[in-house]
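Protein sequence lines, in the order shown, are assigned to chains A and B.
All residue numbers for the first sequence refer to the working numbering, where the first residue is 37 and numbers rise by one.
All residue numbers for the second sequence refer to the working numbering, where the first residue is 37 and numbers rise by one.
All C-beta atoms in this analysis are idealised placements derived from N, C-alpha and C, irrespective of residue type, glycine included.
Here the structure is a predicted model, which is why all the values come from computation and not from measurement.
Following: one structure in structure tokens, then a few remarks.
Protein chains: 2
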Amino acid sequence: MDIINNPSRSEWAQLLARPVADNTQIISTVQSVLDDVRMRGDEAVREYELRFDKASLTNLQVSDREIAEAEVLISEELKAAIATAIGNITKFHEAQLHYPPIIETTKGVKCWQKVVAIDKVGLYIPGGTAPLFSTVLMLAVPAKIAGCKEIVLCTPPNAEGKVNPAILYAASKAGANKIYKIGGVQAIAAMAYGTESVPKVYKIFGPGNPYVTTAKQIVSVKDVAIDMPAGPSEVAIIADSTQKPEIIAADMLSQAEHGTTSQSIVFTTDAELATHIKDEALRQCEASPRKEFISKSLENSRIFVLDNMEDVIDMSNEYAPEHLIISCKDYAAVGAQITNAGSVFLGHFTPESAGDYASGTNHTLPTSGYAKAYSGVNMDSFVKKITFQEITSEGLGNISRTIEVMAENESLFAHKYAVTVRKVH
Amino acid sequence: MDIINNPSRSEWAQLLARPVADNTQIISTVQSVLDDVRMRGDEAVREYELRFDKASLTNLQVSDREIAEAEVLISEELKAAIATAIGNITKFHEAQLHYPPIIETTKGVKCWQKVVAIDKVGLYIPGGTAPLFSTVLMLAVPAKIAGCKEIVLCTPPNAEGKVNPAILYAASKAGANKIYKIGGVQAIAAMAYGTESVPKVYKIFGPGNPYVTTAKQIVSVKDVAIDMPAGPSEVAIIADSTQKPEIIAADMLSQAEHGTTSQSIVFTTDAELATHIKDEALRQCEASPRKEFISKSLENSRIFVLDNMEDVIDMSNEYAPEHLIISCKDYAAVGAQITNAGSVFLGHFTPESAGDYASGTNHTLPTSGYAKAYSGVNMDSFVKKITFQEITSEGLGNISRTIEVMAENESLFAHKYAVTVRKVH
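Given below as structure tokens:
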């Protein structure tokens with residue numbers, strides 16, 4: 037974890053570069069699994085489940101009984117927490133619904149957008165040691181609010197063919213209506229192409245390992261929409277001495293624990309604070325049961341000490357962090373100048389983990405600088421906006437000359453004629 | 037152009053399949069041009085301009101003098117038409133701007149979305165015989181309204197190194213602020229990676245030939261966002277005997293003239309009307325100066341005669357057309373049931389060409405069935421929605437237990453500690 041003092045602007049891009057994820061080694065493996073599932077459907081899915089998850093499955097779909105069993109296994113404390121999270125996520129996402137007005141652009145020419153849910157969506161939830169039931173909520177709750185009819189969820193089973201009960205419980209509470217015991221590339225393939233038991237969906241959401249991410253990239257080119265390109269998680273923190281180094285370090289570590297490719301960046305104008313943060317981060321790392329793991333990911337972390345707040349803001353916007361914690365005195369004024377970030381956490385009592393679980397905002401966010409062009413998952417992600425126009429005879433008269441002149445100048449004469457023929461009749 | 041009577045639902049997918057565009061032959065060519073421009077910048081761009089557009093260029097950027105010259109070359113009639121179109125496009129797109137409210141999801145927990153323009157966008161406008169200045173308006177006008185700071189436009193020059201004056205005039209009126217004489221894959225590469233003269237942008241918009249489309253697909257995987265995947269243009273028409281066959285046929289031809297891979301589909305319950313439409317389309321094709329061209333693309337066209345309006349609507353939603361003209365008596369009721377389409381044209385006086393040029397809606401729309409998951413270009417395409425949250429000490433107290441329990445159950449202990457450490461202080 038380096039402390040870097042006042043780098044020149046020409047050095048910023050290099051200093052802010054993310055650890056590069058090279059997937060060229062795995063593309064052919066991913067492609068072959070995709071092709072195989074496309075050709076052979078469920079039979080291929082079952083073979084890959086046996087090979088990769090050691091699970092021998094007859095039914096790929098989770099049964100109602102399994103969902104009922106999961107409910108028994110979940111503590112009341114966790115049920116209450118999930119209910120609170122669902123409540124806040126629902127409030128925030130429902131408020132995003134917006135029905136644009138009908139606009140009469142010229143007399144007799146009415147135009148509007150109709151907001152329609154994507155009919156079939158697929159949610160991928162990774163397995164592994166940490167069951168990401170919070171991601172289930174972040175994807176299924178807005179899909180349900182949008183009105184998606186088919187909300188398909190795939191997640192890998194364990195070797196006994198069972199899905200983590202917290203995932204099943206969250207999925208059923210949030211409104212996923214078809215849950216499958218399928219993980220990895222075979223899950224992405226099943227949802228992209230459809231199989232005997234898994235419906236083909238129109239858009240796939242959710243995080244995953246490099247194989248899953250590569251599979252999503254490949255299917256997104258021609259077959260199905262995806263939420264966004266995915267990279268390792270990251271946090272940037274803009275801090276001054278009004279926040280305690282211990283808290284800033286804790287925020288860094290809460291990112292570092294995600295994986296060895298995660299990045300935690302601090303921007304500050306206070307050199308002394310920078311030293312304290314570093315000491316504190318190393319101390320907390322030392323005390324952590326996951327010390328070896330976190331110390332490795334802290335190697336990707338950097339503390340930038342800059343001359344003034346203008347540089348701090350510009351450098352943060354250049355980095356375009358997935359998460360941005362603004363823990364300084366003038367946090368509102370600083371926040372107002374942020375133009376590139378996935379989600380922003382304002383003030384001293386707003387840790388990133390609030391947004392990860394329960395504030396109500398979505399935690400599926402653009403990484404790797406994609407925040408320069410992408411939004412995080414929000415209600416727009418689950419709908420299409422179809423434009424409509426209705427023109428009266430008078431309205432067509434009002435714009436017909438414009439259309440005819442433009443069509444003629446683009447040498448599109450049949451376009452012109454489609455107007456002319458309507459005027460004659 | 038076949039008339040197909042009452043196909044069974046199991047046959048629909050096959051009958052509605054688009055002509056397949058196979059780009060495997062050109063991927064390696066496209067990749068090599070992309071790599072070369074990435075490595076060698078302007079020098080490579082100039083070489084490809086000489087090779088592909090026969091243009092020997094010193095300055096890649098269009099000068100102010102060239103823009104002023106273009107203005108002189110444009111007729112007053114076309115200037116007036118462009119002004120009307122800009123006015124309507126502006127009215128419709130401005131009305132889409134929406135600033136979501138601040139939501140207090142729990143007492144002391146405030147969440148909101150901040151809408152921010154994408155800083156740098158790149159617009160690609162194809163060259164060729166028909167100068168698509170209307171596409172310039174459809175992309176630059178909303179980019180300007182959104183507040184994008186850098187609106188870069190690339191379009192191929194002719195062999196004299198000149199850009200079509202209508203494109204230059206439209207670009208300057210609509211607000212593109214950097215215009216380059218670069219076409220094809222080298223244009224996509226220049227905007228995706230940046231060169232000495234072309235700024236790297238964060239999102240690329242616009243249509244193109246299979247080379248350009250493939251280049252956009254490749255750069256979208258890791259380097260830059262794109263508007264949407266692109267395929268050949270298409271129209272579907274839902275019609276009954278209240279609309280004249282001559283007009284329906286004219287609408288089919290206005291699509292057919294785009295290119296030999298374009299598709300025009302009609303859905304109707306009236307077998308007699310179907311025959312009249314076919315006769316009329318062949319008659320108009322015969323009379324057209326572009327007969328050979330249009331007759332070829334009409335080969336992709338089909339007229340489906342179905343038993344009832346329910347099948348008509350379902351089949352149209354299954355096709356998910358880029359453009360959908362609803363020219364029947366109950367057009368409003370039918371329109372209300374449309375769930376998959378790019379843009380819908382309601383009633384007897386609403387030709388597709390109205391939306392192509394001047395109604396105010398955007399003509400950059402999802403083709404190839406992508407309308408099942410994608411919207412056409414709209415104001416959302418030029419902005420990001422950054423989520424913000426601000427939590428008070430009391431607010432954190434209200435949700436801290438929820439966060440801690442969920443983090444613990446996901447085995448993310450540092451996430452939990454980032455909350456706990458704030459409560460202690």
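Range covered by the beta strand (DSSP E) that runs through residue i
{"i": "A:Asp343", "result": "Element bounds for A:Asp343: n/a, residue is neither H nor E."}
{"i": "B:Cys147", "result": "145-153"}
{"i": "A:Ile139", "result": "139-142"}
{"i": "B:Asn41", "result": "38-41"}
7 Å CB neighbourhood of residue i in its chain, flanking five on each side removed
{"i": "A:Leu168", "result": "Ile161, Pro162"}
{"i": "B:Ile138", "result": "Lys146, Trp148"}
Beta bridge counterpart(s) of residue i as assigned by DSSP
{"i": "A:Tyr216", "result": "A:Gln97, A:Cys190"}
{"i": "A:Gln425", "result": "A:Cys147, B:Phe381"}
{"i": "A:Gly158", "result": "A:Val188, A:Ile240"}
{"i": "A:Leu51", "result": "Partner(s): none; A:Leu51 has no beta bridge."}
{"i": "A:Leu360", "result": "A:Ala272, A:Val380"}
{"i": "B:Gln492", "result": "Summary: the structure shown does not reach residue 492 of chain B, with chain B confined to residues 37 through 461, and so no result is reported for it."}
{"i": "A:Ile304", "result": "According to the sequence displayed, residue 304 of chain A carries Thr and not Ile. A:Val341, per the DSSP bridge assignment."}
{"i": "A:Ala394", "result": "Per DSSP, none; premise fails for A:Ala394."}
{"i": "A:Val419", "result": "A:Ala153"}
{"i": "B:Ile262", "result": "B:Ile240"}
Alpha carbon of residue i to alpha carbon of residue j, nearest angstrom
{"i": "B:Gly295", "j": "B:Glu328", "result": "11 Å"}
{"i": "B:Leu318", "j": "B:Glu335", "result": "11 Å"}
{"i": "B:Ile274", "j": "B:Gly183", "result": "38 Å"}
{"i": "B:Pro192", "j": "B:Asp259", "result": "23 Å"}
{"i": "B:Ser68", "j": "A:Thr304", "result": "42 Å"}
{"i": "B:Leu432", "j": "B:Gly144", "result": "7 Å"}
{"i": "A:Leu70", "j": "A:Ala225", "result": "5 Å"}
{"i": "B:Asn445", "j": "A:Thr375", "result": "34 Å"}
{"i": "B:Ile122", "j": "B:Lys252", "result": "27 Å"}
{"i": "A:Val81", "j": "A:Ile240", "result": "17 Å"}
{"i": "B:Leu51", "j": "B:Ser277", "result": "24 Å"}
{"i": "A:Tyr410", "j": "B:Phe88", "result": "33 Å"}
{"i": "B:Arg326", "j": "B:Val56", "result": "24 Å"}
{"i": "B:Ser44", "j": "A:Ile218", "result": "32 Å"}
{"i": "A:Gln373", "j": "B:Ser417", "result": "21 Å"}
{"i": "B:Ile330", "j": "B:Leu360", "result": "20 Å"}
{"i": "B:Glu47", "j": "B:Pro201", "result": "48 Å"}
{"i": "B:Ala207", "j": "B:Lys180", "result": "11 Å"}
{"i": "A:Met345", "j": "A:Ala285", "result": "20 Å"}
{"i": "A:Ile39", "j": "A:Cys364", "result": "19 Å"}
Contacting residues, own chain, Cβ-Cβ under 8 Å from residue i (five flanking each side not counted)
{"i": "B:Asn414", "result": "His129, Gln132, Pro178, Asn398"}
{"i": "B:Thr142", "result": "Gly431, Asn434, Ile435"}
{"i": "A:Val455", "result": "Leu432, Ser436, Ile439, Glu440, Ala443"}
{"i": "A:Asp343", "result": "Asn42, Thr305"}
{"i": "B:Thr120", "result": "Ala394"}
The alpha helix (DSSP H) enclosing residue i, as first and last residue numbers
{"i": "A:Asp315", "result": "307-323"}
{"i": "B:Gln253", "result": "246-258"}
{"i": "A:Gly211", "result": "Neither: A:Gly211 is in no alpha helix (DSSP H) and is coded neither H nor E."}
{"i": "A:Leu114", "result": "112-130"}
{"i": "A:Ile283", "result": "281-292"}
{"i": "A:His134", "result": "Where A:His134 is concerned, there is no enclosing alpha helix (DSSP H), given that its DSSP letter is neither H nor E."}
{"i": "A:Arg82", "result": "78-89"}
{"i": "A:Arg326", "result": "Premise fails: A:Arg326 is in no alpha helix (DSSP H) and is neither H nor E."}
{"i": "B:Ala195", "result": "Unbroken run through B:Ala195: none, as it is neither H nor E."}
{"i": "A:Thr456", "result": "449-460"}
{"i": "B:Gly163", "result": "Careful: B:Gly163 lies outside any alpha helix (DSSP H) and carries neither H nor E."}
Neighbourhood of residue i by C-beta distance below 6 Å, restricted to the same chain and skipping five residues each side
{"i": "B:Ser300", "result": "Val271, Met288, Gln291, Ala292, Ser337"}
{"i": "B:Met174", "result": "Asn398, His399, Thr400"}
{"i": "A:Ala261", "result": "Lys239"}
Partner residues on chain C for residue i, Cβ-Cβ distance less than 7 Å
{"i": "A:Phe381", "result": "Note that chain C does not occur in the displayed structure, where the protein chains are A and B."}
Residue i CB to nearest heavy atom of the ligand PLP below 7 Å
{"i": "B:Ser395", "result": "Looking at this structure, you won't find the ligand PLP or any other ligand, since it has none at all."}
Touching or not, the segment 241-250 of chain A and the segment 371-388 of chain A, by the rule of three or more beta carbon pairs under 8 Å?
-> Touching, no.
Indicate whether the contact test is met: 3 or more Cβ pairs, each with one atom in the segment 106-114 of chain B and one in the segment 346-358 of chain A, closer than 8 Å.
-> No: the two stretches stay apart, fewer than three of their Cβ pairs being nearer than 8 Å.
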